[in-house]
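Visitor: For the protein sequence lines, the chains are F and G, in the order given.
Here the numbering used here is used: position 237 in the first sequence is 237, and no number is missing along the way.
Here the numbering used here is used: position 197 in the second sequence is 197, and no number is missing along the way.
C-beta: ideal position from N, C-alpha, C; glycine also.
Nothing here was measured: the structure is a model prediction, and the numbers come from that model.
Pasting in a structure now, in C-alpha cells, and then I'll have a few things to ask.
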Amino acid sequence: MEFLFEQLANWKFYLIGAYPTGALTGLVLNIVLAVLSIIIGLFFGIIFGLGRISCRRYIRHSCGFCVDVVRSTPLLMIIFWFYFFLPVVGAKLHLFWCAVISLSVYAAAYQAEIVRAGVLAVPLGQMEASLSTGMTRLQALISVILPQAFKMMLPSFVSFFNSLFKSTSTVYIIGIVDLTRTGILISQLKPNRIFAAYICMAAGFWVVCYSLSLAARILEKRLGILDYESYKPEICREDLVLLPLPKTVKRFLVSQK
Amino acid sequence: MKFLNLRYEFDWGIPFREPFLGWLITGVKLTLIIAAVTAITSLVFGTILAIMRVSRFKFLNIPAKIYVEAVRNIPGLFWLLFFYFVFPQLLPFGLTDIVNRYSYYSVIAGILGLTVDNSAYVSDIVRTGLLGIPRGHIEAAVSTGLNRLQQIRYIILPEAFRTILPPLGTRMIHNFKNSSLCMAIATPELTWATQQVESITFRGLEVTFLATVFYIGLSLAMAMIIIRLERRWKIDMTSITSMKN
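As C-alpha cells, this is what we get:
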C-alpha cells in the first residue's frame with residue numbers, strides 16, 4: 001500500500017503533467033483529445049450519416065463507402081496515415097492536431113452510423129406531418145426530425161464517447177505524452193515501482209470511463225428504453241432527401257439512366 | 001500530382017524487396033494467428049463469464065461482474081502493456097527469468113491482453129443473448145429430463161448464439177482490428193512490420209497503403225461471412241410464435 005501512496009505524490013503528473021510551465025499531458029490531455037474529436041466528428045458524422053440514408057444512390061453509396069473504409073481500418077492505421085501522409089502533402093501540423101484529426105475521422109465514421117440509426121428510428125409520420133404544415137424538407141429535418149433523433153441517440157453518443165476516450169490512449173504511439181505515456185515514463189524512471197505506476201494509469205482511465213458509463217445508464221433510464229435490436233432500418237427513405245440539387249443536374253442524371 | 005504539392009515519389013518496389021517482403025508476410029501470418037486465437041479464447045472465456053454472471057450464486061456472480069466492470073472501463077492498450085511489462089514481474093522469481101528470455105513472449109502477451117480485453121465485451125453480448133431466451137424453452141428442457149449442464153449445452157447456448165451472432169461478429173471484427181495495437185509491445189505483426197519498413201527506408205506510405213487494404217479487405221470479408229451465417233442460421237420466428245399461441 002505504501003508504494004501506492006508514494007506514487008500518488010505524482011498525481012499532478014498523471015493528471016496534467018508540467019502544465020503551466022510545460023506542455024499539457026496526462027489524463028486531462030486524453031479528455032481534451034476526446035472532447036475535441038467528438039465535437040468535430042459529430043459535425044461530419046451528421047453529414048455522412050444523413051448522406052447514407054439519402055435517396056440519391058451516388059450520395060448514399062459514396063458516403064457509405066467512406067464510412068465503411070474508415071470503420072474497417074484500425075485506429076492505429078488511421079493515425080499513421082495522418083502522421084506520415086500530412087507532411088508529404090506539405091501540412092506541417094503539431095502532433096496534437098495530427099491526433100485530433102485522425103481521432104475525429106475515426107469518430108465521424110462511427111457517429112455517422114449512430115446518426116443514421118437515430119434518424120431512421122424517428123417515425124415516418126413526423127416528416128409527413130411537418131411537410132403538410134408547409135415546411136421545406138430541410139426545415140423539417142432541422143427543426144423536427146433531428147431534435148427527436150438526437151434525444152434517442154444521446155445514450156449511444158455517451159457510450160461512444162466512452163469508447164473514444166479509451167481509444168485516445170492509442171495516440172501515445174506517435175509520441176504524444178498522454179496518461180499512458182506518463183505511466184510508462186514513470187515506470188521506466190523507477191522500475192521497482194512499475195506496479196504502482198500501472199495501477200495509477202488504470203485508475204485514471206477507470207474513474208472517467210466508469211462515471212461516463214454510469215451517466216449513459218442514467219440517461220437511458222430517463223429517456224426511455226431504446227430497442228435498436230428490434231428495429232429494422234430501411235436503406236432508403238423518400239422523405240429524407242438531403243441536398244436538393246438544381247433541376248439541370250437532376251435532368252442530366254435522369255437522362256443518363 | 002503537381003497540384004497536391006507532393007514531395008514524395010512512390011516506389012512500389014519497396015514492399016516486394018527481400019527483407020521487407022519477409023517481414024510483411026510474417027506480419028500477415030501473425031496478425032491472422034493472433035486474431036483467430038484471441039477470437040476463440042475470448043469466446044470461451046467470455047461465455048464462461050456470461051454464464052457466471054447470470055447464475056444465482058453470489059460467489060460466481062460478483063467476481064464476474066467486477067471483472068467485466070474493471071476491464072470494460074480500461075483501454076485495451078493498457079492490458080497489452082500490462083501483460084508485457086508488469087505481468088512477468090508478478091510471477092515467481094524463476095518464471096520471470098524464463099519469460100524474459102523467451103523471445104516470443106510479446107506474441108503471448110498480445111494474445112493474453114487482447115483476450116482479457118475482448119472477453120469482457122463478449123461476455124456482455126452473450127449475457128444479453130442468454131437473458132433473451134424465453135423461459136418456456138428452459139422449462140421444456142427441464143421437463144424432458146435434461147440436467148443443468150445438458151440444458152446449457154443443447155438448448156441455451158445454441159439458441160443464444162444464434163440471436164447474438166451480429167453483435168458478436170462486430171466484436172470479432174473489432175478484435176481483429178485491435179490486433180494492430182500489439183505493435184505497442186513489439187509483436188512482429190503487420191502494423192509493426194509496416195512501421196519497421198518506415199523507420200528503415202523512410203518510405204512507409206506504400207507499405208501502409210498495402211496494410212490498410214489488407215485490413216479493410218479482411219474486415220469487409222468477415223462482415224460478409226457474418227451476414228451469410230446470420231441468414232443461414234436465422235430461426236423462422238413465425239413458427240415459434242404460432243407455437244406459442
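Let's test the definition: count the other Cβ atoms within 10 Å of the Cβ of F:Arg-181 and tell me whether it reaches 16, buried, or not, exposed.
Guide: Buried is the call here.
Visitor: Should G:Trp-233 go down as buried or exposed, given a rule of 16 or more other Cβ atoms within 10 Å for buried?
Guide: Counting Cβ neighbours within 10 Å, G:Trp-233 comes out exposed, since fewer than 16 surround it.
Visitor: Which residue marks the beginning of the alpha helix (DSSP H) containing F:Met-135, and which one marks its end?
Guide: Where F:Met-135 is concerned, there is no enclosing alpha helix (DSSP H), given that its DSSP letter is neither H nor E.
Visitor: Might you give, ordered along the chain, the residues of its own chain that have their beta carbon closer than 6 Å to the beta carbon of F:Leu-240, omitting 5 neighbours on each side?
Guide: Caution is warranted here: a pLDDT of 36 is assigned to F:Leu-240, below 50, making its placement in the model unreliable, and no coordinate value can be reported.
Visitor: Taking Cβ-Cβ distances shorter than 8 Å, what residues in chain G pair up with F:Met-77?
Guide: What F:Met-77 touches in chain G: Ser-180, Thr-191, Thr-208, Ala-211, Thr-212 and Tyr-215.
Visitor: Could you name the residues of the segment 18-33 of chain G whose beta carbon sits closer than 8 Å to any beta carbon of chain F, in the order they occur along the chain?
Guide: Answer set for the segment 18-33 of chain G: empty.
Visitor: With a threshold of 16 other CB atoms inside 10 Å of the CB of G:Asn-100, please say whether the residue is buried or exposed.
Guide: Exposed, because fewer than 16 other Cβ atoms sit within 10 Å of the Cβ of G:Asn-100.
Visitor: Please tell me whether F:Pro-74 and G:Leu-181 are closer than 9 Å, where the distance is taken between their beta carbons.
Guide: A contact, by the Cβ cut-off of 9 Å.
Visitor: Following the continuous alpha helix (DSSP H) through G:Gly-22, name the residue where it begins and the one where it ends.
Guide: It spans 18-54 - the alpha helix (DSSP H) in which G:Gly-22 sits, taken as one unbroken run.
Visitor: Quick check on the burial criterion: 16 or more other C-beta atoms within 10 angstroms. Buried or exposed for F:Asn-192?
Guide: Result: exposed.
Visitor: Cβ closer than 7 Å: which chain G residues qualify as neighbours of F:Phe-65?
Guide: In chain order: nothing, as chain G lies at least about 11 Å away.
Visitor: With DSSP as the reference, label F:Asp-178 as helix, strand or coil.
Guide: The answer is strand: DSSP assigns F:Asp-178 an E or B state.
Visitor: Can you tell me whether DSSP reads G:Gly-13 as helix, strand or coil?
Guide: Of the three classes helix, strand and coil, the one that applies to G:Gly-13 here is coil, per DSSP.
Visitor: Using three-state DSSP, classify F:Gly-17 as helix, strand or coil.
Guide: DSSP places F:Gly-17 in coil when its eight states are reduced to three.
Visitor: So which residues on chain G does F:Thr-25 lean against when the C-beta distance must stay under 9 Å?
Guide: Ordered by position in chain G, no residue passes the 9 Å Cβ test against F:Thr-25, which lies about 17 Å from the chain.
Visitor: Straight-line CA distance for F:Tyr-83 to G:Arg-203?
Guide: Their backbone Cα atoms lie some 13 Å apart in a straight line.
Visitor: Distance cutoff 9 Å, beta carbons only. Does F:Trp-81 sit that close to anything in chain B?
Guide: Absent here is chain B; the protein component of the structure consists of chains F and G.
Visitor: From this set, F:Ser-132, F:Ala-216, F:Val-119 and F:Val-115, which residue's C-alpha is nearest F:Val-158's C-alpha?
Guide: F:Val-158 has its Cα closest to that of F:Ala-216, out of F:Ser-132, F:Ala-216, F:Val-119 and F:Val-115.
Visitor: At a cut of 8 Å, does the segment 168-177 of chain G reach the segment 7-19 of chain G through at least three beta carbon pairs?
Guide: No contact exists between the segment 168-177 of chain G and the segment 7-19 of chain G.
Visitor: Residues of chain G with a CB under 7 Å from the CB of F:Ala-202: which are they?
Guide: By Cβ distance, chain G contributes Ile-74 and Phe-78.
Visitor: How would you list, in chain order, the residues of chain G whose beta-carbon sits under 8 Å from the beta-carbon of F:Ser-72?
Guide: Within chain G, the residues near F:Ser-72 are Ile-173, Lys-177, Tyr-215, Ile-216, Ser-219, Leu-220 and Ala-223.
Visitor: Could you run through the segment 79-96 of chain G and flag, in chain order, every residue whose CB is less than 8 Å away from some CB of chain F?
Guide: If the cut-off is 8 Å between Cβ atoms, the segment 79-96 of chain G has Leu-81, Phe-82, Phe-85, Val-86, Gln-89 and Leu-90 near chain F.
Visitor: Please classify F:Gly-51 as buried or exposed, where buried requires at least 16 other C-beta atoms within 10 Å of its C-beta.
Guide: Burial call: buried.
Visitor: Just the Cα atoms here: how many angstroms apart are G:Tyr-8 and F:Gly-64?
Guide: In a straight line, the C-alpha of G:Tyr-8 is about 30 Å away from that of F:Gly-64.
Visitor: With 9 Å set as the bound, which would you pick, yes or no: does the beta-carbon of F:Cys-209 sit closer than that to a beta-carbon of chain G?
Guide: Yes, because at least one Cβ of chain G sits closer than 9 Å to the Cβ of F:Cys-209.
Visitor: For the alpha helix (DSSP H) that G:Val-142 lies in, which residues bound it at each end?
Guide: Where G:Val-142 is concerned, the enclosing alpha helix (DSSP H) stretches over 135-143.
Visitor: Taking 9 Å as the CB-CB limit, is G:Ala-39 close to chain F?
Guide: Cβ-Cβ to chain F under 9 Å: no for G:Ala-39.
Visitor: Using a beta-carbon distance below 9 Å, is F:Ile-59 in contact with chain G?
Guide: So, not an interface residue.
Visitor: DSSP three-state call for F:Gly-90: helix, strand or coil?
Guide: F:Gly-90 falls in the coil class under three-state DSSP.
Visitor: List the residues of chain G whose Cβ lies closer than 7 Å to the Cβ of F:Lys-166, in chain order.
Guide: By Cβ distance, chain G contributes Pro-75.
Visitor: For F:Gly-26, which residues does DSSP report across the bridge?
Guide: F:Gly-26 pairs with F:Asp-178.
Visitor: Return the chain-ordered list of same chain residues with a C-beta closer than 8 Å to the C-beta of G:Tyr-154, the five sequence neighbours on each side being excluded.
Guide: Result list for G:Tyr-154: Ala-141 and Leu-146, in chain order.
Visitor: Scan the segment 196-207 of chain G for residues whose Cβ lies nearer than 8 Å to a Cβ of chain F and list them as they occur along the chain.
Guide: Against chain F - using a Cβ distance shorter than 8 Å - the residues of the segment 196-207 of chain G are Glu-198, Gly-204 and Leu-205.
Visitor: Alpha carbon to alpha carbon, how far is G:Val-86 from F:Ile-194? Give it in angstroms, no decimals.
Guide: Cα-Cα distance, rounded: 7 Å.
Visitor: Round the Cβ separation of F:Ile-142 and F:Val-119 to the nearest angstrom and send it over; I've been treating them as touching at under 8 Å.
Guide: Wrong, their Cβ atoms sit about 12 Å apart, outside the cutoff.
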